[in-house]
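Counting in the working numbering, the final residue of the sequence shown is number 110, and the numbers go up one at a time with none missing. Cβ coordinates follow ideal geometry from the N, Cα and C atoms, glycine included. Take a look at the structure set out below.
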Amino acid sequence: MNQSELLQRIKDNLKEFYGSRFRGLLLYGSMARGSQRPDSDIDLICILQGPVSLWEEIQNTTRAVYDIALSQIDETGQFRAINIVPVEVSTYESGSCHFYREARREGIAV
């Protein structure tokens, strides 16, 4: 599975899991900049409508992409971690957090 297929599969799983709460998925970090290595993590922001309980949503996003994450383990036991940061849409759009401002600047919508 190539990178764009992998990202689309992650997005589809999150959309199915969250339904109408899902507002978007943003790739950031080395993959978005084009400076990734073969073992680089996949860094994503999952934008959600409604209140976001960080710990609960981290558990939910992990559940939603668990099978995909397992598929990234190679024959040597190495894998590319899928890191998903859940955020409420108004928090993301407000620009009040440096992390989200930088992600918006360098990120790529999936």
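Separation of the CB atoms of Ile45 and Ala103 is rounded to 6 angstroms, and the pair is thereby assigned contact status at 8 angstroms. In terms of Cβ geometry, Tyr18 and Gly107 do not form a close pair [threshold 7 angstroms]. DSSP, read as helix, strand or coil, puts Asn2 in coil.
In the three-state reduction of the DSSP assignment, Phe17 falls in the helix class, which pools H, G and I.
Counting only residues of its own chain and dropping the five nearest sequence neighbours on each side, Phe79 has a CB closer than 6 angstroms to the CB of Gln72, Ile73. In this chain, the beta strand (DSSP E) harbouring Arg23 covers 22 to 28. By the C-beta criterion, the stretch 83 to 100 is judged to be in contact with the stretch 38 to 53, since at least 3 inter-stretch pairs fall below 8 angstroms. In the DSSP assignment, Asp12 forms no beta bridge with any residue. In the DSSP assignment, Glu88 is bridged to Leu48. In its chain, beyond the 5 residues on either side, Pro86 have a beta carbon closer than 8 angstroms to the beta carbon of Leu54.
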